[in-house]
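Each remark here refers to the structure printed beneath this line.
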Amino acid sequence: MLVLGIETSCDETGVALHHSERGLLAHALYTQAALHADYGGVVPELASRDHIRRVLPLTQDILRQAGCSLADLGAVAYTEGPGLAGALLVGASIAHGLAWALGVPVLGIHHLEGHLLSPLMVKPAPAFPFIALLVSGGHSQLMRVAGVGAYELLGETLDDAAGEAFDKTAQLLELGYPGGPALAKLAERGKPGRITLPRPMLHSGDLDFSFSGLKTAVMTQVKGRALGMQARADVAAEFQAAIVEVLVAKSLAALADTGLQQLVVAGGVGANRELRTRLTRAAERRGLQVFYPAPEFCTDNGAMIAFAAALRLTHASRLSPLASRSFSVRPRWDLATLVPA
Ligand code: KG4
Ligand code: ZN
Numbered sequence: 020m021l022v023l024g025i026e027t028s029c030d031e032t033g034v035a036l037h038h039s040e041r042g043l044l045a046h047a048l049y050t051q052a053a054l055h056a057d058y059g060g061v062v063p064e065l066a067s068r069d070h071i072r073r074v075l076p077l078t079q080d081i082l083r084q085a086g087c088s089l090a091d092l093g094a095v096a097y098t099e100g101p102g103l104a105g106a107l108l109v110g111a112s113i114a115h116g117l118a119w120a121l122g123v124p125v126l127g128i129h130h131l132e133g134h135l136l137s138p139l140m141v142k143p144a145p146a147f148p149f150i151a152l153l154v155s156g157g158h159s160q161l162m163r164v165a166g167v168g169a170y171e172l173l174g175e176t177l178d179d180a181a182g183e184a185f186d187k188t189a190q191l192l193e194l195g196y197p198g199g200p201a202l203a204k205l206a207e208r209g210k211p212g213r214i215t216l217p218r219p220m221l222h223s224g225d226l227d228f229s230f231s232g233l234k235t236a237v238m239t240q241v242k243g244r245a246l247g248m249q250a251r252a253d254v255a256a257e258f259q260a261a262i263v264e265v266l267v268a269k270s271l272a273a274l275a276d277t278g279l280q281q282l283v284v285a286g287g288v289g290a291n292r293e294l295r296t297r298l299t300r301a302a303e304r305r306g307l308q309v310f311y312p313a314p315e316f317c318t319d320n321g322a323m324i325a326f327a328a329a330l331r332l333t334h335a336s337r338l339s340p341l342a343s344r345s346f347s348v349r350p351r352w353d354l355a356t357l358v359p360a
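To convert, note that position 182 of the sequence shown is 201 in my numbering; the numbers rise steadily by one, no gaps.
Below, the structure written as structure tokens:
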């Protein structure tokens with residue numbers, strides 16, 4: 020079956036075609052970063068309006084690339100939440116409109132389920148159960164994943180998400196928006212340890228995180244000081260080292276607590292090279308395995324939505340309902356409340 024996936028939860032328009040036997044056939048992404056850059060963050064109304072402009076032309080592009088037509092679609096999937104309400108509504112309304120016109124099922128997918136299952140797109144894929152470290156701009160969570168739709172929350176951030184901390188610290192270092200990748204790049208030229216930042220909650224004895232204090236600690240180090248390029252790079256390197264150390268330690272603790280051997284890493288911060296290097300090294304030493312999606316599928320994309328929908332359709336005991344003329348989105352939606360297909 021051919022599934023079209025549509026992702027519009029924030030500032031990236033992603034579309035993809037996933038075939039149940041042939042895998043990912045085509046995908047396309049349009050990032051709105053330049054649109055929001057002047058504002059230092061995502062402007063929800065601008066985001067919604069831009070998604071409207073992009074979804075259908077991008078869909079036509081990927082259909083052409085894959086040599087398919089709308090008539091070949093067996094289902095349409097979209098991000099139902101969590102995310103910006105207006106942005107989600109664009110994907111939801113287009114998905115329902117298409118599915119209704121084509122007479123095919125429509126599936127609303129949880130954005131974090133998309134992230135969390137994305138490492139399964141890579142071969143060899145981990146087998147259930149495994150631990151997932153979900154680190155994005157809006158979430159930092161450790162989950163025990165027993166199967167598709169069976170997610171148990173083990174720990175999460177008490178304040179800022181890991182990506183949010185990267186972005187806010189990048190702003191303090193005047194690296195623009197979104198700052199995570201720029202901060203990671205600057206950190207390559209710096210030396211951790213030249214300044215000292217805390218490792219928040221490293222020894223808290225639980226699997227929760229807290230990253231807002233780290234950003235405040237950076238602020239007190241840089242405020243009112245004219246830092247040269249090397250000094251800024253050193254701050255970036257120490258910040259990255261601190262966040263990575265905590266993420267690695269808590270991920271290993273989650274594996275030890277549950278007795279599981281496999282870790283998957285998902286979400287935008289999962290693209291961070293230092294995190295990947297440190298995690299892989301620490302895991303190898305303990306005989307554990309770590310799985311990552313391709314870096315392009317760490318950040319928001321349509322492929323993870325089409326893929327999660329395809330998995331749900333494969334596991335479904337009954338076919339999803341055909342599109343009705345009413346629908347809603349869920350700007351706030353707890354991943355642990357999901358149920359298996
Ligand atoms: O998963 P994602 O695209 O969107 C959300 O669902 O939030 O994650 C975006 C976040 C941003 O905060 C961005 O700065 C961060 O992921 N990010 C990175 C890197 N690439 C993206 N953070 C650190 N290092 C990176 N290489
Ligand atoms: Zn995301």
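Cβ atoms here follow ideal geometry from the backbone N, Cα and C, with glycine treated the same way.
Every value quoted in this text rests on a predicted model; they were computed, and no experiment measured them.
- prompt: Helix, strand or coil: which one does DSSP assign to Arg368?
  reply: Outside the shown range of the chain, which is 20 to 360, sits residue 368, and nothing can be said about it.
message: Which residue marks the beginning of the beta strand (DSSP E) containing Ser159, and which one marks its end?
response: 159-166
message: With distance defined between alpha-carbon atoms, name the residue in His222, Ala181, Thr277 nearest to His158.
response: Ala181
- request: Pick out whichever of Leu205, Gly156, Glu171, Glu207 has its Cα sitting closest to the Cα of Ala184.
  value: Gly156
message: Buried or exposed, going by whether 16 or more other CB atoms sit within 10 Å of the CB of Thr239?
response: exposed
message: Our contact map puts His70 next to Val109 with C-beta atoms below 8 Å; I'd like the distance itself, whole angstroms only.
response: 4 Å
task: Could you tell me whether the Cβ atoms of Leu282 and Leu246 are closer together than 8 Å?
output: no
- prompt: According to the Cβ coordinates, are Tyr196 and Ala56 closer than 8 Å?
  reply: yes
message: What does the Cβ neighbour count give for Thr98, buried or exposed, with the cut at 16 atoms within 10 Å?
response: buried
message: Taking the straight line between their C-alpha atoms, what separation do you get for Gly60 and Ala201?
response: 15 Å
- request: Could you give the DSSP three-state label for Ala47: helix, strand or coil?
  value: strand
task: Confirm the yes/no value for this check: CB of Gly278, any heavy atom of the ligand ZN, distance under 7 Å.
output: no
- prompt: Quick check: the stretch 146-154 against the stretch 112-120, are there 3 or more CB pairs under 8 Å?
  reply: no
task: Name the two residues that bound the continuous alpha helix (DSSP H) containing Thr299.
output: 292-304
message: I'd like to check one pair, Ser231 with Asp178: are the Cβ atoms closer than 8 Å?
response: yes
- request: In the DSSP assignment, find the beta strand (DSSP E) that holds Leu23 and state where it starts and stops.
  value: 21-26
- request: Could you tell me the distance, in whole angstroms, from the CA atom of Ile25 to the CA atom of Leu135?
  value: 17 Å
- request: Please say whether Ser28 and Leu107 have beta carbons closer to each other than 8 Å?
  value: yes
- prompt: Between the stretch 219-233 and the stretch 291-300, are three or more C-beta pairs nearer than 8 Å?
  reply: no
task: Have a look at Val288 and Asp319 and give me their C-alpha separation to the nearest angstrom.
output: 11 Å
query: By how many angstroms is the C-alpha of Ala35 removed from the C-alpha of Leu274?
result: 32 Å
field: Heavy atoms of the ligand KG4 versus C-beta positions, residues under 5 Å
entry: Ser155, Gly156, Gly157, Gly182, Phe185, Asp186, Pro197, Gly199, Pro200, Ala203, Gly286, Gly287, Val288, Ala290, Asn291, Thr318, Asp319
- request: Using only the heavy atoms of the ligand ZN, determine whether one of them is closer than 7 Å to the beta carbon of His129.
  value: no
- request: Would you list the residues sitting across from Phe310 in a DSSP beta bridge?
  value: Val283
- prompt: According to the Cβ coordinates, are Glu293 and Gln259 closer than 8 Å?
  reply: yes
query: Looking at the structure shown, is His222 part of a helix, part of a strand, or coil, going by DSSP?
result: coil
task: Report, in whole angstroms, the separation of the C-beta atoms of Gly168 and Trp352, which I expect to be a contact under 8 Å.
output: Actually they are not in contact, since the Cβ atoms of Gly168 and Trp352 sit about 13 Å apart, beyond 8 Å.
query: Which stretch, first to last residue, makes up the beta strand (DSSP E) that contains Glu315?
result: It is not in any beta strand (DSSP E) - Glu315 carries neither H nor E in the DSSP assignment.
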